[in-house]
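Residues in the sequence shown are numbered consecutively from 151, following my numbering. Inspection log for the structure reproduced underneath, given as C-alpha coordinates.
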Amino acid sequence: MKLAVIIAAIILSLPLYAQYDFSAGMGVNLVNTPSLNDYVVNFRTVDKMKDFNISAEFFLGGAVNISKNWQLGFEYTGAVQSFESKYQGLSGNYSIDYYAHKPSILAFYLIQGEGYTLKFGAGGGYRVFNITEKIHNSKDYTAKGAGLLLKFEGHTLLGGNFYAVLSGSLFQDFSGAAENGNEKLRNEITKEDICFNTFGTGIKIGVSYFIGR
(Lines of atoms letter the chains of each structure in order from A and count residues from 1; the text may use other names and numbers.)
(Lines give C-alpha, C1' and ligand atoms only; values in the text may rest on other atoms or scores of the structure.)
Protein backbone atom coordinates (compact mmCIF):
# COMPACT_ATOMS: atom_id res chain seq x y z
CA MET A 1 0.00 0.00 0.00
CA LYS A 2 2.88 2.38 0.80
CA LEU A 3 4.35 1.72 -2.66
CA ALA A 4 1.00 2.52 -4.29
CA VAL A 5 0.78 5.82 -2.40
CA ILE A 6 4.32 6.75 -3.46
CA ILE A 7 3.59 5.92 -7.10
CA ALA A 8 0.37 7.94 -6.98
CA ALA A 9 2.23 10.92 -5.49
CA ILE A 10 4.85 10.76 -8.25
CA ILE A 11 2.19 10.59 -10.95
CA LEU A 12 0.25 13.52 -9.55
CA SER A 13 3.42 15.61 -9.16
CA LEU A 14 4.22 15.42 -12.86
CA PRO A 15 3.93 18.84 -14.55
CA LEU A 16 3.46 17.38 -18.03
CA TYR A 17 0.72 19.05 -20.07
CA ALA A 18 -0.70 20.52 -16.83
CA GLN A 19 -4.02 18.66 -16.95
CA TYR A 20 -5.07 16.61 -13.97
CA ASP A 21 -8.31 14.99 -12.92
CA PHE A 22 -9.51 13.41 -9.70
CA SER A 23 -12.59 11.25 -9.24
CA ALA A 24 -14.52 9.38 -6.57
CA GLY A 25 -17.68 7.33 -6.50
CA MET A 26 -19.27 3.94 -5.97
CA GLY A 27 -20.94 1.13 -7.84
CA VAL A 28 -21.67 -2.57 -8.12
CA ASN A 29 -19.88 -5.54 -9.66
CA LEU A 30 -20.94 -8.93 -10.93
CA VAL A 31 -18.17 -11.30 -9.88
CA ASN A 32 -17.38 -14.97 -10.37
CA THR A 33 -15.06 -16.46 -7.73
CA PRO A 34 -15.27 -20.22 -8.39
CA SER A 35 -13.21 -21.40 -5.41
CA LEU A 36 -15.27 -19.31 -2.97
CA ASN A 37 -18.57 -20.35 -4.57
CA ASP A 38 -17.70 -24.05 -4.27
CA TYR A 39 -16.77 -23.54 -0.63
CA VAL A 40 -19.79 -21.50 0.45
CA VAL A 41 -22.29 -23.94 -1.06
CA ASN A 42 -21.20 -26.47 1.60
CA PHE A 43 -22.91 -24.29 4.22
CA ARG A 44 -26.12 -23.59 2.33
CA THR A 45 -29.35 -25.51 1.95
CA VAL A 46 -29.13 -25.31 -1.85
CA ASP A 47 -27.00 -27.55 -4.03
CA LYS A 48 -25.65 -24.80 -6.25
CA MET A 49 -24.83 -21.11 -6.16
CA LYS A 50 -25.10 -18.61 -8.95
CA ASP A 51 -21.89 -18.32 -10.94
CA PHE A 52 -21.97 -14.52 -10.70
CA ASN A 53 -22.79 -12.66 -7.50
CA ILE A 54 -23.01 -8.98 -6.57
CA SER A 55 -20.32 -7.04 -4.73
CA ALA A 56 -20.32 -3.37 -3.76
CA GLU A 57 -17.38 -1.12 -4.59
CA PHE A 58 -16.11 2.42 -4.10
CA PHE A 59 -13.23 4.12 -5.87
CA LEU A 60 -10.80 7.03 -5.65
CA GLY A 61 -8.61 7.99 -8.58
CA GLY A 62 -6.34 10.56 -10.14
CA ALA A 63 -4.63 10.99 -13.50
CA VAL A 64 -2.24 13.33 -15.29
CA ASN A 65 -1.81 13.98 -19.01
CA ILE A 66 1.52 12.84 -20.46
CA SER A 67 0.54 13.93 -23.98
CA LYS A 68 -2.49 15.44 -25.68
CA ASN A 69 -4.35 12.13 -25.84
CA TRP A 70 -2.68 10.00 -23.19
CA GLN A 71 -2.85 9.90 -19.41
CA LEU A 72 -1.14 7.99 -16.65
CA GLY A 73 -3.45 7.31 -13.72
CA PHE A 74 -3.78 5.70 -10.31
CA GLU A 75 -6.96 4.19 -8.89
CA TYR A 76 -7.79 2.62 -5.55
CA THR A 77 -10.95 0.56 -5.31
CA GLY A 78 -12.36 -1.23 -2.31
CA ALA A 79 -14.82 -4.07 -2.89
CA VAL A 80 -16.93 -5.89 -0.32
CA GLN A 81 -18.97 -9.08 -0.60
CA SER A 82 -20.81 -11.11 2.02
CA PHE A 83 -22.56 -14.49 2.20
CA GLU A 84 -24.84 -15.59 5.04
CA SER A 85 -26.78 -18.78 5.53
CA LYS A 86 -28.79 -20.72 8.08
CA TYR A 87 -27.45 -24.24 7.99
CA GLN A 88 -28.97 -27.12 9.90
CA GLY A 89 -25.56 -28.61 10.60
CA LEU A 90 -24.54 -25.55 12.59
CA SER A 91 -25.95 -23.83 15.62
CA GLY A 92 -26.80 -20.33 14.42
CA ASN A 93 -25.85 -18.70 11.14
CA TYR A 94 -22.83 -19.17 8.93
CA SER A 95 -21.24 -16.13 7.30
CA ILE A 96 -18.17 -15.25 5.28
CA ASP A 97 -17.30 -11.83 3.92
CA TYR A 98 -14.30 -10.15 2.41
CA TYR A 99 -12.93 -6.70 1.72
CA ALA A 100 -10.65 -6.41 -1.32
CA HIS A 101 -7.98 -3.70 -1.58
CA LYS A 102 -7.34 -3.10 -5.29
CA PRO A 103 -4.85 -0.34 -6.19
CA SER A 104 -4.04 -0.08 -9.91
CA ILE A 105 -1.82 1.88 -12.25
CA LEU A 106 -3.52 2.62 -15.59
CA ALA A 107 -2.77 4.13 -18.97
CA PHE A 108 -5.70 6.03 -20.54
CA TYR A 109 -6.40 7.13 -24.11
CA LEU A 110 -8.46 10.35 -24.14
CA ILE A 111 -11.07 11.78 -26.48
CA GLN A 112 -12.08 15.27 -25.39
CA GLY A 113 -14.66 17.73 -26.61
CA GLU A 114 -16.56 20.71 -25.28
CA GLY A 115 -18.10 19.61 -22.00
CA TYR A 116 -17.04 15.97 -22.10
CA THR A 117 -14.09 13.59 -21.82
CA LEU A 118 -13.99 9.91 -22.79
CA LYS A 119 -11.24 7.70 -21.37
CA PHE A 120 -10.26 4.16 -22.38
CA GLY A 121 -7.81 2.54 -19.98
CA ALA A 122 -5.91 -0.61 -19.13
CA GLY A 123 -3.65 -1.52 -16.26
CA GLY A 124 -3.24 -3.60 -13.14
CA GLY A 125 -1.86 -3.78 -9.65
CA TYR A 126 -1.54 -5.49 -6.29
CA ARG A 127 -4.52 -7.19 -4.65
CA VAL A 128 -5.22 -7.98 -0.99
CA PHE A 129 -8.34 -9.80 0.21
CA ASN A 130 -9.20 -9.60 3.92
CA ILE A 131 -11.63 -12.40 4.76
CA THR A 132 -13.69 -13.01 7.90
CA GLU A 133 -15.45 -16.34 8.39
CA LYS A 134 -17.88 -16.97 11.24
CA ILE A 135 -19.12 -20.43 12.13
CA HIS A 136 -19.10 -20.52 15.92
CA ASN A 137 -16.36 -17.92 16.29
CA SER A 138 -14.90 -15.42 13.86
CA LYS A 139 -11.60 -16.12 12.14
CA ASP A 140 -9.69 -13.81 9.80
CA TYR A 141 -7.72 -14.79 6.70
CA THR A 142 -5.70 -12.90 4.10
CA ALA A 143 -5.14 -13.69 0.41
CA LYS A 144 -2.70 -11.72 -1.74
CA GLY A 145 -2.14 -11.50 -5.47
CA ALA A 146 -2.40 -9.28 -8.54
CA GLY A 147 -5.06 -8.15 -10.97
CA LEU A 148 -5.67 -6.82 -14.48
CA LEU A 149 -8.21 -4.14 -15.38
CA LEU A 150 -9.87 -2.73 -18.52
CA LYS A 151 -11.87 0.44 -17.97
CA PHE A 152 -14.02 3.02 -19.75
CA GLU A 153 -14.91 6.40 -18.25
CA GLY A 154 -17.30 9.05 -19.55
CA HIS A 155 -17.11 12.51 -17.94
CA THR A 156 -19.89 15.06 -18.55
CA LEU A 157 -19.63 18.68 -17.41
CA LEU A 158 -21.79 19.65 -14.44
CA GLY A 159 -20.44 23.15 -13.95
CA GLY A 160 -17.13 24.85 -13.34
CA ASN A 161 -14.47 22.16 -13.07
CA PHE A 162 -16.85 19.46 -11.83
CA TYR A 163 -17.98 16.55 -14.01
CA ALA A 164 -20.30 13.60 -13.56
CA VAL A 165 -18.50 10.35 -14.29
CA LEU A 166 -19.93 7.01 -15.42
CA SER A 167 -17.52 4.11 -15.76
CA GLY A 168 -17.58 0.46 -16.73
CA SER A 169 -14.90 -2.16 -16.21
CA LEU A 170 -13.78 -5.72 -16.83
CA PHE A 171 -11.26 -7.24 -14.45
CA GLN A 172 -9.46 -10.43 -13.55
CA ASP A 173 -7.91 -10.85 -10.12
CA PHE A 174 -5.54 -13.62 -9.08
CA SER A 175 -4.61 -14.65 -5.55
CA GLY A 176 -2.86 -17.28 -3.53
CA ALA A 177 -4.59 -19.29 -0.83
CA ALA A 178 -6.36 -17.46 1.99
CA GLU A 179 -4.23 -17.87 5.12
CA ASN A 180 -4.21 -17.18 8.83
CA GLY A 181 -0.60 -17.71 9.84
CA ASN A 182 0.16 -21.32 8.90
CA GLU A 183 -3.52 -22.21 8.63
CA LYS A 184 -5.21 -22.06 5.24
CA LEU A 185 -8.90 -21.70 4.46
CA ARG A 186 -9.67 -25.09 2.95
CA ASN A 187 -12.58 -26.82 1.26
CA GLU A 188 -12.66 -30.21 2.96
CA ILE A 189 -15.05 -31.58 0.34
CA THR A 190 -12.84 -30.87 -2.68
CA LYS A 191 -9.59 -30.96 -0.65
CA GLU A 192 -8.53 -27.62 -2.15
CA ASP A 193 -7.33 -24.39 -0.58
CA ILE A 194 -9.61 -21.39 -1.10
CA CYS A 195 -8.22 -18.68 -3.35
CA PHE A 196 -9.85 -15.53 -4.68
CA ASN A 197 -9.25 -15.74 -8.41
CA THR A 198 -12.08 -13.53 -9.62
CA PHE A 199 -13.47 -12.48 -12.98
CA GLY A 200 -15.91 -9.59 -12.95
CA THR A 201 -17.54 -6.65 -14.60
CA GLY A 202 -18.78 -3.50 -12.94
CA ILE A 203 -20.45 -0.15 -13.36
CA LYS A 204 -19.80 2.91 -11.21
CA ILE A 205 -20.98 6.51 -10.93
CA GLY A 206 -19.31 9.44 -9.26
CA VAL A 207 -17.94 12.95 -9.54
CA SER A 208 -14.68 14.13 -11.09
CA TYR A 209 -12.74 17.38 -10.85
CA PHE A 210 -10.47 18.62 -13.65
CA ILE A 211 -7.54 21.02 -13.32
CA GLY A 212 -6.15 22.66 -16.46
CA ARG A 213 -8.97 21.36 -18.67
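We put the beta carbon where it would ideally sit given N, CA and C, even for glycine.
Quiz item: Over what stretch of residues does the beta strand (DSSP E) that includes Asn-219 continue unbroken?
Solution: Note, Asn-219: premise wrong, no beta strand (DSSP E); not H, not E.
Quiz item: Can you check whether the CB of Phe-172 is closer than 7 Å to the CB of Tyr-313?
Solution: no
Exercise. Mark Ile-281 as exposed unless 16 or more other C-beta atoms lie within 10 angstroms of its C-beta, in which case mark it buried.
Key: buried
Exercise. Determine contact between the segment 296 to 312 and the segment 338 to 346, defined as no fewer than three beta-carbon pairs at a distance below 8 Å.
Key: no
Quiz item: Hey, how far is the Cα of Val-214 from the Cα of Glu-338?
Solution: 48 Å
Practice problem: Classify His-305 as buried or exposed, calling it buried when 16 or more other Cβ atoms lie within 10 Å of its own Cβ. | Solution: buried
Practice problem: Return the Cβ separation of Ala-328 and Ala-272 in integer angstroms, given the expectation that the two are a contact with Cβ distance under 8 Å. | Solution: Rounded, the Cβ-Cβ distance is 28 Å, inconsistent with contact.
Quiz item: For Gln-322, which residues does DSSP report across the bridge?
Solution: Leu-298, Phe-349
Exercise. Measure the CB-CB distance between Gly-175 and Ile-355 and report whether it falls below 7 Å.
Key: yes
Quiz item: Pro-253: buried (16+ other C-beta within 10 angstroms of its C-beta) or exposed?
Solution: buried
Self-check item: Ala-186 in three-state terms, based on DSSP
Solution: According to the sequence provided, residue 186 is Leu. The question's Ala does not apply to it. It is helical.
Quiz item: In three-state terms, what does DSSP make of Asn-192?
Solution: helix
Exercise. Taking the CB atoms as reference points, tell me whether Asn-219 and Leu-260 lie closer together than 7 Å.
Key: yes
Quiz item: Under three-state DSSP, which class holds Asp-201?
Solution: coil
Exercise. Count the other C-beta atoms from every protein chain shown that fall within 10 angstroms of the C-beta of Lys-200, then say buried if there are 16 or more, exposed otherwise.
Key: exposed
Quiz item: What first and last residue would you give for the beta strand (DSSP E) that runs through Asn-280?
Solution: 266 to 284
Exercise. Assuming Thr-227 and Phe-258 form a contact by the criterion Cβ under 8 Å, report the distance between their Cβ atoms to the nearest whole angstrom.
Key: With 8 Å as the limit, Thr-227 and Phe-258 do not qualify as a contact, their Cβ atoms being about 16 Å apart.
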